[in-house]
Amino acid sequence: MFKFLIEFFKNPKCIGAVAPSGRFLAKKMMEPVKFQNASCIVEYGPGTGVFTKELVRRKNNKTKLIVIEQNRLFCDTLKKKFKNRPGVYIVEDSAENVNKYIKKLGFEHADYIISGLPFTSLPQEASESILKETQKALGRKGRFITFQYSMVKRKFFEQYFTISGGLLEMRNIPPAYVLVMRSGMAQNK
Ligand SMILES: C[S@@+](CC[C@H](N)C(=O)[O-])C[C@H]1O[C@@H](n2cnc3c(N)ncnc32)[C@H](O)[C@@H]1O
Numbered sequence: 329m330f331k332f333l334i335e336f337f338k339n340p341k342c343i344g345a346v347a348p349s350g351r352f353l354a355k356k357m358m359e360p361v362k363f364q365n366a367s368c369i370v371e372y373g374p375g376t377g378v379f380t381k382e383l384v385r386r387k388n389n390k391t392k393l394i395v396i397e398q399n400r401l402f403c404d405t406l407k408k409k410f411k412n413r414p415g416v417y418i419v420e421d422s423a424e425n426v427n428k429y430i431k432k433l434g435f436e437h438a439d440y441i442i443s444g445l446p447f448t449s450l451p452q453e454a455s456e457s458i459l460k461e462t463q464k465a466l467g468r469k470g471r472f473i474t475f476q477y478s479m480v481k482r483k484f485f486e487q488y489f490t491i492s493g494g495l496l497e498m499r500n501i502p503p504a505y506v507l508v509m510r511s512g513m514a515q516n517k
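Terminal number for the sequence shown in the numbering used here: 517, no gaps in between.
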């Protein structure tokens with residue numbers, strides 16, 4: 329928690345929150361995932377690993393989980409936390425490079441991308457690039473799952489995806505919406 333706050337003060341736009349998400353939101357983020365059928369799951373922006381913990385606990389040993397975190401300190405902590413877990417690949421990089429890691433493991437597409445990225449504070453260019461790469465990474469069947477504290481970015485997401493579901497988690501500070509998206513956008517870029 330303290331580590332998170334320090335990293336926030338060093339780089340507020342990139343970290344995007346003063347504290348990690350709570351466990352209720354972590355569980356809500358998992359609800360749309362059919363773990364039995366997933367071969368490849370990607371997580372963006374895990375921070376201290378609140379969602380990673382749930383993903384690792386629920387996934388099959390055969391399912392590959394690619395965890396992409398840009399912050400070195402968080403990345404090092406995650407590598408220690410999940411070091412002996414089968415099929416877990418933690419990489420220090422930007423989510424924009426997701427396709428490189430999916431291909432490296434021999435997949436064409438990921439089944440799910442779970443995102444903790446702060447799209448409301450990230451630079452517009454970076455957000456656009458991440459969403460374009462996410463579209464490619466998911467192909468026609470994959471699902472993109474992210475949480476937001478407000479719906480201000482809804483239209484932005486809809487330039488790339490169709491929002492196929494929404495879940496509200498009140499037991500988080502602040503309350504958060506979980507958005508589930510799939511390919512098939514109204515106005516593709
Ligand atoms: C709001 S925090 C969320 C952390 C965690 N998922 C949670 O909910 O508690 C956002 C995280 O995204 C990471 N991040 C920001 N931009 C990124 C990028 N382009 N690629 C990968 N990670 C990024 C930050 O370093 C930070 O750890």
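All residues carry an ideal CB built from backbone N, CA and C; glycine is no exception.
My output table needs one value for Y429: the three-state DSSP class, helix, strand or coil.
By 1-based counting over the sequence shown, the position of residue 429 is 101. Three-state DSSP puts Y429 in a helix.
What do you reckon, are the CB atoms on T391 and A366 nearer than 8 Å?
For the purposes of this step, residue 391 is taken as residue 63 along the sequence shown, with counting starting at 1. For the purposes of this step, residue 366 is taken as residue 38 along the sequence shown, with counting starting at 1. Cβ distance < 8 Å, so T391 and A366 count as in contact.
Please state whether the Cβ-Cβ distance between G344 and P446 is less than 8 Å.
The residue labelled residue 344 in the question sits at position 16 within the sequence shown. The residue labelled residue 446 in the question sits at position 118 within the sequence shown. Yes.
Based on Cα-Cα distance, which residue from V370, K356, K355 and C403 lies nearest to E436?
As a first step, residue 436 must be located in the sequence shown, where it is residue number 108. If we check each option's Cα against that of E436, V370 comes out closest.
Just the C-alpha distance for K431 and P451, rounded to the nearest angstrom, thanks.
Walking along the sequence shown from the start, residue 431 turns up at place 103. Walking along the sequence shown from the start, residue 451 turns up at place 123. Taking the straight line from one Cα to the other gives about 26 Å.
Can you tell me whether K517 is helix, strand or coil according to DSSP?
Taking the sequence shown and counting its residues from 1, the one referred to as residue 517 is at position 189. With a pLDDT of only 44 at K517, under 50, the local geometry of the prediction cannot be trusted, and the value read off the model is given with reservation. In this structure, DSSP gives K517 a state outside helix and strand, which the three-state scheme calls coil.
Alpha carbon to alpha carbon, how far is K517 from K481?
Within the sequence shown, the letter at position 189 stands for residue 517. Within the sequence shown, the letter at position 153 stands for residue 481. With a pLDDT of 44 at K517, under the threshold of 50, the modelled position of that residue is not reliable, and the figure given next carries that caveat. Their backbone Cα atoms lie some 16 Å apart in a straight line.
Please state whether DSSP places E456 in a helix, a strand or coil.
Your numbering for residue 456 matches position 128 in the sequence shown. The answer is helix: DSSP assigns E456 an H, G or I state.
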